[in-house]
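One structure below.
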Amino acid sequence: MKILVGIKRVVDYNVRVRVLSDGSGVDTDGVKMSVNPFDEIALEEALRIREAGNADEVIVVSVGGDECQQQLRTGLAMGADRAIQIQTPEPLQPLSLARAFLKLIEREQPGLVILGKQAIDDDNSQTAQMLAALWDRPQATFASKMVLDGNSVSVTREVDAGLESIEVDLPAVISVDLRMNEPRFVKLPDIMKAKRKPLDVIPLDELGVAIEGNIKVSHYAPPPQRDKGIMVEDAAQLVQELKNRGLI
Amino acid sequence: MSTILIIAEHDGNELNISTAKCVSCAQAIGGNIDIAVLGNGIDAIAAEAAAIESVNKVIAVNADHLEAPLAANWAAEAVALSADYSHVLGPSTTFGRDLMPRIAALAGVNQVSDIMEVNGPTSFKRPIYAGNAIVDVDTADGSKVVATVRNASWKAAAGSGGASVEQRPASSSAVAHTRYVGLESEGGERPDLQSAAKVVSGGRALGSEENFELIYNLADKLGAGVGASRAAVDAGYCPNDMQVGQTGKIISPDLYLAFGISGAIQHVTGIKDAGTIVAINKDTEAPIFEIADIGLAGDLFSVIPELESLLG
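Just so you know, the sequences run in chain order Z and A. Per this note's numbering, the first sequence starts with residue 1, numbered consecutively. Per this note's numbering, the second sequence starts with residue 249, numbered consecutively.
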């Protein structure tokens, strides 16, 4: 079985993102870029499935300009067998991304597609669900545990009310949450080895994907700030303050 | 004029408050508002939905295969129901975030995620980068708007309406590839974290699962829901469904009391819309004090018992 893992290049999660003063975007100049943390977890899970003997090949896929090859190399260094860049100069919205993934699925015939539950830049949380819809296959989103059992997989999902269990037949799309696993660290020899692993570049045009760009972002603004608060000395003052404000 | 269909969230017994919040967002968009209630044995839930103000009609679809909220089943039904609507809204809870993109894909559009404000019928504000930027997004003319509504940004619409309920047979059939197994819930008797007016939250400083009892006891005294930081959840002090923050629940109680929570950006994202934030922390440099309305530099292990005795 092949496993396809999606990897997005995003501003590193430790960077405090700043909105440009003209409202045209956020400042990404000289900012550290990384693999979307949820995607790292997705890849880690795929690698563990392969290491347990339940998959033969793990393929990492990224959609974007050539700069995303850097993140694909990170994926290869973590242990993916090969990488595919779907090359497009313009960022795609989730539906077009899902369509591009579907084209790749038709070529590669994976048994599992594992994606992060959302990207930490646009926070859309759409691509996995859309891909499952277009593919007409199961989706198991926000997964914190998955157990393969022959031709199906038992998934524990982190939902607002607790932990939901579902069972899905393969092939399926899984989107992973934080508690699924802790991704491994990449060692230097692995980085060297990753340079020799195959990385195919497929221009988006070649896949024949219909681009849907029905959403336009017109302005970026910093979030409203909360006013500076007060400090109280002790529990008694705190209770008094809460009473004064009619909160208790 | 906009015609808006809201996909109701419920647990099989009662309507989730997120549905009335979607109605508030729909009121801001303006137009005809209908609610679709999917499920099995949902007449009482449909009646609850019909009582929300400004709702014109509730469409109830009862079917065995809609009993569990499996996105693959629900999306097929919802897409059929929403064919003639200009807008389809669902909550940005895990329920809506699972379901709505599947609907959007079948409808051939991208989704607008997490509407926090309505600029106009096809123009919205939403947060990106964990709330560190707010963007204006516009949907193209004539394209269906499929969107999730950010719970913390909207008050629930009042329950003073009297809409009609129309029963409709399901047009979809069950998918065989996905099976619902069950839900393990640790909620108990306390107010639901996402709708509670008061929330008491604990962080890593609690130190153990046993010590977390302090948080539960104080919450019970205040009639509050209980939350936790990711650090506390990861350390195993409390279950994951209590996690507040970017990757947990985003909440907007009137009063939020944070004990021993440092205030990492991902936690703060989850409470930015709270009415009053109170922070109790030993570390006077903790970033939580930057956003707290009332701060108390002190040891939670002495402050909590004091608070309990003061509250009587």
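Cβ coordinates follow ideal geometry from the N, Cα and C atoms, glycine included.
Asked                                                                                                                           : Found
Minimum Cβ-Cβ distance from A:Asn304 to chain Z less than 8 Å                                                                   : no
DSSP beta-bridge partners of A:Glu365                                                                                           : A:Lys373
Cα-Cα separation, A:Arg192 to A:Pro487                                                                                          : Only positions 249 to 560 of chain A appear in this structure, which leaves residue 192 of chain A out of reach.
Local conformation of Z:Glu106 per DSSP, three classes                                                                          : helix
Chain-ordered chain Z contacts of A:Ala381 [CB-CB under 8 Å]                                                                    : Val17, Val19, Val26, Tyr220, Ala221, Pro222 and Pro223
Reduced DSSP secondary structure (H/G/I, E/B, other) of A:Glu296                                                                : helix
One or two residues paired with A:Ile509 in a DSSP bridge                                                                       : DSSP, once it has assigned bridges, lists no residue as partnering A:Ile509.
Residues bridged to A:Pro317 (per DSSP)                                                                                         : Bridge partners of A:Pro317: none, in fact.
Simplified DSSP assignment, three categories, for A:Asp541                                                                      : coil
Neighbour-count burial assignment, Z:Gln70, 16 or more Cβ in a 10 Å radius                                                      : exposed
Segment contact, 8 Å Cβ cut-off, at least three pairs: the stretch 221-232 of chain Z with the stretch 96-108 of chain Z        : no
Interface residues of chain Z facing A:Arg345 [CB-CB closer than 9 Å]                                                           : Lys117, Gln118, Ser125, Gln126, Gln129, Thr141 and Phe142
Z:Ala231 at chain A interface by Cβ criterion, 8 Å                                                                              : Reading the sequence as shown, one finds Met at residue 231 of chain Z and not Ala. Closer than 8 Å to some Cβ of chain A, the Cβ of Z:Met231 qualifies, so yes.
Validate contact between the stretch 286-295 of chain A and the stretch 357-371 of chain A using beta carbons, cut 8 Å, 3 pairs : no
Inter-residue spacing [alpha-carbon to alpha-carbon] between A:Leu253 and A:Lys497                                              : 25 Å
Selected residue, minimal CA-CA separation from A:Glu315, among A:Asp386, A:Gly260, A:Asn264 and A:Ile293                       : A:Gly260
Cα-Cα separation between A:Gly268 and Z:Val186, rounded to whole angstroms                                                      : Here the sequence assigns Ala to residue 268 of chain A, which means Gly is not the residue at that position. Distance between the alpha carbons of A:Ala268 and Z:Val186: 47 Å.
Runs of beta strand (DSSP E) wholly within the stretch 430-483 of chain A (minimum 3 residues, chain order)                     : 446-450 and 473-476
Sub-8 Å separation of A:Ile300 and A:Gly407 beta-carbons                                                                        : yes
Candidates Z:Gly25, Z:Asn244 and Z:Val201, of which the one nearest Z:Ala83 by Cα                                               : Z:Val201
As assigned by DSSP and simplified to three states, the class of A:His515                                                       : helix
Terminal residues of the alpha helix (DSSP H) in which Z:Ile41 lies                                                             : Pro37 to Glu51
Near the ligand GTP: A:Gly546 beta-carbon under 7 Å from a heavy atom                                                           : Of the ligands one can find in the structure shown there are none, so the ligand GTP has no counterpart to examine.
Closer than 8 Å to chain A by CB, Z:Ser165                                                                                      : yes
Counted within 10 angstroms of its Cβ, other Cβ atoms place Z:Gly150 as buried (16 or more) or exposed                          : exposed
Nearest to A:Ala405 (by Cα), restricted to the options A:Leu462, A:Thr426 and A:Ser266                                          : A:Ser266
Burial state of A:Ser510 (16 or more Cβ within 10 Å)                                                                            : buried
Residues that Z:Asp121 contacts on chain A, provided the C-beta gap is smaller than 8 Å                                         : Ile376 and Tyr377
Segment contact flag, the stretch 7-15 of chain Z with the stretch 32-43 of chain Z, C-beta cutoff 8 Å, min 3 pairs             : yes
Span of the beta strand (DSSP E) around A:Ala404                                                                                : Segment: none, A:Ala404 is in no beta strand (DSSP E) and carries neither H nor E.
Short Cβ contact (8 Å threshold) for A:Tyr333 with A:Thr387                                                                     : no
Chain A within 8 Å of Z:Lys193, Cβ atoms only                                                                                   : no
Three-state class that DSSP yields for Z:Phe280 in the structure shown                                                          : Residue 280 of chain Z lies beyond the stretch modelled for chain Z, which goes from 1 to 248, so this question has no answer here.
Test: Z:Arg249 CB closer than 8 Å to a CB of chain A                                                                            : This structure gives no information on residue 249 of chain Z, because the portion of chain Z shown stretches from 1 to 248.
Short-range partners of chain Z found in the stretch 416-441 of chain A, where Cβ spacing is below 7 Å                          : His425, Thr426, Arg427, Tyr428, Val429, Gly430, Leu431, Glu432, Ser433, Glu434 and Gly435
Buried/exposed call for A:Lys446, threshold 16 Cβ in 10 Å                                                                       : buried
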